[in-house]
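Participant:
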Amino acid sequence: MFGFKRVKKEIKVQGMHCGHCASRVENALKSIDGVKSVKIDLSSGAVTILSSAVLDDEKIKAVVTEAGFEVV
Ligand SMILES: [Cu+2]
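Going by the numbering used here, the letters in the sequence shown line up with residues 22 to 93, in that order.
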């Protein structure tokens, strides 16, 4: 919602090869509490996460790993 603060976090994810991979990572990250949007650049593996609170790095790693990819 408008007016709430947003925390921006950028990570790099290895192993994404197509839109299907990207959407798996996106959905995994969106399952984390507070995540509002996920933007993925497939060619570089750069993932930008906007959230309403500071996210736990370990949690991010865990859901990405669970989806079958790796945070580098
Ligand atoms: Cu793929």
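Glycine included, every Cβ here is placed at the ideal spot set by N, Cα and C.
Are residue 72 and residue 34 close, meaning C-beta to C-beta below 7 Å?
Facilitator: Mapped onto the sequence shown, residue 72 falls at position 51. Mapped onto the sequence shown, residue 34 falls at position 13. In this structure, residue 34 does not lie closer than 7 Å to residue 72 by Cβ.
Participant: Does the Cβ-Cβ distance between residue 70 and residue 43 come in under 7 Å?
Facilitator: In the sequence shown, residue 70 corresponds to position 49, counting from 1. In the sequence shown, residue 43 corresponds to position 22, counting from 1. Contact: no.
Participant: Near residue 84, what residues of its chain come up, given a Cβ to Cβ distance below 8 Å and the 5 sequence neighbours on each side ignored?
Facilitator: In the sequence shown, residue 84 corresponds to position 63, counting from 1. Excluding residues within five positions, the ones whose Cβ falls inside 8 Å are 49, 50, 52 and 53.
Participant: With DSSP collapsed to three states, give me the class of residue 44.
Facilitator: Within the sequence shown, residue 44 is the residue found at index 23, counting from 1. It is helical.
Participant: Please list, in chain order, all residues with a C-beta atom less than 6 Å from at least one heavy atom of ligand 1.
Facilitator: Going by the Cβ distance cut-off, the answer is 38, 39, 41 and 42.
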